[in-house]
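Residue numbers (the working numbering): 7 to 216.
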């Protein structure tokens with residue numbers, strides 16, 4: 007018996023979540039990519055400390071959902087796995103394109119792109135592939151994709167912050183040295199911000215970014 011894997015293209019519908027209102031008073035738009043196991047509507051809680059008039063937050067939703075525990079009660083989501091990573095990345099890029107098209111952000115807006123944990127990889131790939139200019143790229147407790155090079159970010163003129171907890175159970179000293187080295191090779195305007203903590207979103211640091 008011969009097994010063949012084939013591909014098809016079809017239209018799908020996905021959600022995304024927003025916090026606050028985009029208005030003439032809005033100064034900053036945050037495009038924030040959650041980590042593995044999150045849903046976008048719950049990820050927004052980390053940004054409630056930001057001024058509601060100045061900040062509008064857009065949280066895309068990873069498309070692959072699953073039950074987090076064996077009790078089949080809580081649902082989380084994942085952006086990518088090692089299975090068909092290239093194809094799945096293309097799907098995520100198209101999905102992000104649709105969000106930006108839907109939101110129609112004004113040119114005057116100060117755009118901040120943030121990835122947390124697994125969200126770092128999709129946020130960075132999107133900037134690189136679409137050459138999306140933003141004022142601030144925040145890489146929080148995640149890994150930088152190996153395939154990205156300084157050439158991919160030659161267009162980028164914004165600021166980059168690399169944030170991580172020094173007690174992060176997923177990022178030992180060797181791993182963080184490697185991530186710092188990769189970030190230094192990619193970006194000229196780079197801040198490295200370690201904090202006392204584990205693998206968690208540091209809301210205090212985020213709120214001080216603006």
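All C-beta atoms, glycine included, are put in the ideal place defined by N, C-alpha and C.
Query raised in the report: What's the call for residue 93, buried or exposed, on a 16-neighbour Cβ count within 10 Å?
Result: For the purposes of this step, residue 93 is identified with residue 87 of the chain shown, where counting begins at 1. Under this definition residue 93 is an exposed residue.
Query raised in the report: residue 72 to residue 83, Cα distance in whole Å?
Result: Position 66 of the chain shown, counted from the start, is the residue given in the question as residue 72. Position 77 of the chain shown, counted from the start, is the residue given in the question as residue 83. Cα-Cα distance, rounded: 6 Å.
Query raised in the report: Which full runs of the alpha helix (DSSP H) of 4+ residues lie inside the region 32-116, going along the chain?
Result: 46-49 and 91-109
Query raised in the report: Apart from the five residues just before and just after residue 151, which ones in its own chain have a Cβ nearer than 7 Å to its Cβ?
Result: Your numbering for residue 151 matches position 145 in the chain shown. The answer, listed in chain order, is 127, 130 and 131.
Report task. Answer yes or no: do residue 163 and residue 41 have a C-beta to C-beta separation smaller than 8 Å? Result -> On the chain shown, residue 163 is found 157 positions in, with the first residue counted as 1. On the chain shown, residue 41 is found 35 positions in, with the first residue counted as 1. No. Outside cutoff.
Query raised in the report: From the DSSP output, which residues share a beta bridge with residue 142?
Result: In the chain shown, counting from the first residue as 1, residue 142 sits at position 136. Bridge partners of residue 142: 118 and 165.
Query raised in the report: Per DSSP, what kind of secondary structure is residue 199 in: helix, strand or coil?
Result: In the chain shown, counting from the first residue as 1, residue 199 sits at position 193. Three-state DSSP puts residue 199 in a strand.
Report task. Tell me, please, whether the region 23-30 touches the region 53-66 by the rule of three or more beta-carbon pairs shorter than 8 Å. Result -> yes
Query raised in the report: Where does the unbroken alpha helix (DSSP H) through residue 23 begin, and where does it stop?
Result: Here residue 23 refers to the residue found at position 17 of the chain shown. Element bounds for residue 23: not the alpha helix (DSSP H) but the beta strand (DSSP E), 22-25.
Requested in this report: Have a look at the DSSP bridge pairing and note the partners of residue 170.
Outcome: Start at 1 with the first residue of the chain shown, and residue 170 comes out as number 164. Partner(s): 200.
Query raised in the report: Going by C-alpha distance, which of 23, 100 and 80 is nearest residue 17?
Result: The residue labelled residue 17 in the question sits at position 11 within the chain shown. Ranking 23, 100 and 80 by Cα distance to residue 17 puts 100 first.
Query raised in the report: Under a Cβ-count criterion, where at least 16 other Cβ atoms within 10 Å of its own Cβ denotes burial, should residue 161 be classed as buried or exposed?
Result: Translated into positions along the chain shown, residue 161 becomes position 155. Exposed.
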